[in-house]
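Engineer: The opening position of the sequence shown corresponds to residue 1313 in the working numbering, with each subsequent residue numbered one higher.
My structure is below; once you've seen it, I'll send some questions.
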Amino acid sequence: MRVAIIGAGISGLALAYYLQKLGIPYDLFEAGERVGGNIQTIQESGYLLELGPNSLQSTPELQALIRELKLEQEVVPTAQAGNHRYILRDGSYEKLPTNPFSLLSNNFFSWKTKLRILKEKDVPPADIDYETITQFFERRFGPGVIDYVVNPYISGVYGGDPEKLLIHKAFPMLKEMETRYGSVLKGLMHHKSVHLTHENISFANGMQTLPEAIADKLISLHTGHRVEMITRNQGKYIISCSTTGDHDNEEYTMLVLALPALPAADLLHYTFPGMAAALQNIHYPPMAIVHSVYNRRDVSHDLDGFGALHPKAECPFTVGSIWSSSLFDGRCRPHEVLVTSFVGGAQYEENALTDKDKLLDCVHKELAEKYGITTDKPVFQHMHFMEHSIPQYDMYIEDAHEMAKQLEQDGLFIAANWQAGVSVPSCIRHAKELAHKINLKRPTPSIAE
Ligand SMILES: Cc1cc2nc3c(=O)[nH]c(=O)nc-3n(C[C@H](O)[C@H](O)[C@H](O)COP(=O)(O)OP(=O)(O)OC[C@H]3O[C@@H](n4cnc5c(N)ncnc54)[C@H](O)[C@@H]3O)c2cc1C
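So, in structure tokens, the structure goes:
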């Protein structure tokens, strides 16, 4: 038995790592020379810039992986200030407590909204087909939570539109709490001892540290191997790469797609046209990631937090910003601040498509207005454009999920953020579970961890 994995983003790397631990032969093909996919750190003009994830929730799976990779010394937790997050309201920033229970004790919500939130316990559960995140929160907690909490949060996490994302796809745990306990609040009380949010971490040299450390351990990683075609012969998979090599005629018992939906669709066109069509329907909105550096003395705002999110109701240009230099040392010089802003996502697609110079100027103007910046332009600015950013867990993803389940009978599996959940820890958890599932399909499964 040999497994072909296509794509060395965090999903493919983690899967290869866990398969290797179980003693299962595999080949991991990566189109580029670099591993990590969306996870990408660059150093430019003395600044450390994250072009994808800025921090990770330190879940038990991630902690275990970090220990196994002996990366503990590299880990940097977010600074204490990172506990505070801000929301733009009526043109200025208000502190939002991260703990859902303290939302009730501070002044962020009106009394009317607080009372309505508490009444959630009495709202009977309902099973509504294709219920969106907005519909779910409005039904359970009332309309007061939508504009200034649900909307900016979904923009920030998914680059998404809460009026389109489905609750059971994007937040299965909340839906399960409603079904199991009759109420989300009751479910939260029940899970009080379980960490609902984890500490956020990065690495001293940036996020790229993690994929590179996994890649260093792998014995069958082939970078510079873009898979161009997949064929099937008597139930086995044959991979054709842009680079001719030893693996051209290798037959694989199982195939794992660890790449975004659109390139996956291209590869399945001939072998599984129905799945290819379903994958093409998955929406990835465009996004621009902009880094701006200012002299500290030119910025009035303390930037004493994780960052700020912008509700759609405020008609912003950016989805919001992470205050990178407040979270981690070494991102810029000590007398400067570095802010990472996100433009685009499903609610602001046209903003991401703005001409680059204009886009950079709009980001600067918005930062200048909101943070009280007195200078005409930043000391440094950098833009990274993603035509396809984050997969949207809306009604169009359902078919691909259904078909993916059926294709497992044919030895075709998925390890990717359009299946596993978008966060890096979710991709790692899913990859570990998949490795164990594949292990069980061996004639004599290994009991090794
Ligand atoms: C801007 C942004 C910010 C984010 N912020 C966070 C965050 O703060 N925290 C967090 O937890 N998550 C965050 N995420 C989400 C997270 O980064 C991604 O969900 C995750 O990295 C996806 O990993 P993946 O391995 O599934 O896919 P990818 O990272 O897309 O990797 C796929 C790989 O497949 C390769 N490939 C494609 N086609 C082929 C082919 N034909 N042959 C061979 N190889 C191929 C690609 O080169 C790539 O390396 C963010 C995402 C984005 C876009």
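A virtual CB, placed ideally from N, CA and C, is assigned to each residue, including glycine.
Remember, it's a predicted structure, so these values are computed and weren't measured experimentally.
Is L1567 helix, strand or coil by DSSP?
Structural biologist: Of the three classes helix, strand and coil, the one that applies to L1567 here is strand, per DSSP.
Engineer: Would you call the CB atoms of S1495 and K1433 closer than 8 Å?
Structural biologist: Result yes, Cβ atoms of S1495 and K1433 sit closer than 8 Å.
Engineer: Assuming contact is defined by CB atoms lying nearer than 8 Å, are P1737 and Q1369 in contact in what I supplied?
Structural biologist: Cβ distance < 8 Å, so P1737 and Q1369 count as in contact.
Engineer: Please work out which residues of its chain come closer than 6 Å, Cβ to Cβ, to A1588, disregarding the five sequence neighbours upstream and downstream, and give them in chain order.
Structural biologist: The answer, listed in chain order, is A1577, L1580, H1581.
Engineer: Measuring only from the beta carbon, is F1640 closer than 7 Å to any heavy atom that is part of ligand 1?
Structural biologist: Not under cutoff, so the answer is no.
Engineer: Please state whether DSSP places Y1493 in a helix, a strand or coil.
Structural biologist: Of the three classes helix, strand and coil, the one that applies to Y1493 here is helix, per DSSP.
Engineer: How should T1756 be labelled, buried or exposed, when 16 other C-beta atoms within 10 angstroms of its C-beta is the threshold for buried?
Structural biologist: Looking at its Cβ environment, which holds fewer than 16 other Cβ atoms inside 10 Å, T1756 is exposed.
Engineer: Are the CB atoms of L1327 and A1570 nearer to each other than 8 Å?
Structural biologist: Yes.
Engineer: Mind checking which residues open and close the alpha helix (DSSP H) that includes F1449?
Structural biologist: Taken as a continuous stretch (DSSP letters only), the alpha helix (DSSP H) holding F1449 covers 1445-1453.
Engineer: What are the boundary residues of the alpha helix (DSSP H) that includes G1656?
Structural biologist: Unbroken run through G1656 is the beta strand (DSSP E), 1648-1656; no alpha helix (DSSP H).
Engineer: Does the structure place the stretch 1518-1536 close enough to the stretch 1346-1359 that three or more beta carbon pairs sit under 8 Å?
Structural biologist: Taking 8 Å as the limit for Cβ pairs, the verdict is that the stretch 1518-1536 does touch the stretch 1346-1359.
Engineer: For Y1683, count neighbouring Cβ atoms within 10 angstroms of its own Cβ and tell me buried if that reaches 16, exposed if not.
Structural biologist: So Y1683 counts as buried.
Engineer: Please identify the residue among Y1705, M1715, T1535, R1452 whose C-alpha is closest to the C-alpha of G1471.
Structural biologist: The residue with the shortest Cα to Cα distance from G1471 is Y1705.
Engineer: Give a single yes or no on whether L1746 has its beta carbon closer than 7 Å to a heavy atom of ligand 1.
Structural biologist: Because no heavy atom of ligand 1 lies under 7 Å away, the Cβ of L1746 does not count as near it: no.
Engineer: Can you name, in chain order, every residue of its own chain whose Cβ lies under 7 Å from the Cβ of I1634, other than the five neighbours on each side?
Structural biologist: Excluding sequence neighbours, I1634 sits near N1366, F1618, G1619, T1652.
Engineer: Using beta-carbon positions only, say whether A1712 and D1473 come within less than 8 Å of one another.
Structural biologist: Cβ atoms of A1712 and D1473: not closer than 8 Å.
Engineer: Determine which residues share a DSSP beta bridge with I1542 and list them.
Structural biologist: BP columns for I1542 point to I1551.
Engineer: Just to check, is the beta-carbon of E1373 closer than 7 Å to a non-hydrogen atom of ligand 1?
Structural biologist: Answer for E1373: no, Cβ out of range of ligand 1.
Engineer: So, helix, strand or coil for P1585, using DSSP?
Structural biologist: Three-state DSSP puts P1585 in a helix.
Engineer: Apart from the five residues just before and just after T1390, which ones in its own chain have a Cβ nearer than 8 Å to its Cβ?
Structural biologist: Closer than 8 Å at Cβ, skipping near neighbours: S1367, E1511, N1512, I1513, S1514, F1618, L1639, F1640.
Engineer: If you drop the 5 nearest sequence neighbours on each side, which residues of the same chain put their C-beta closer than 6 Å to that of E1443?
Structural biologist: Result list for E1443: I1479, in chain order.
Engineer: Within 10 angstroms of the Cβ of E1648, are there 16 or more other Cβ atoms? Answer buried if so, exposed if not.
Structural biologist: When all chains shown are included, E1648 counts as buried.
Engineer: What do you reckon, are the CB atoms on R1401 and Y1460 nearer than 8 Å?
Structural biologist: Closer than 8 Å, so yes.
Engineer: Have a look at H1696 and D1667 and give me their C-alpha separation to the nearest angstrom.
Structural biologist: So the two alpha carbons sit approximately 13 Å from each other.
Engineer: Could you check if L1477 belongs to the surroundings of ligand 1, using beta carbon to heavy atom distance under 7 Å?
Structural biologist: For ligand 1, not one heavy atom lies less than 7 Å from the Cβ of L1477.
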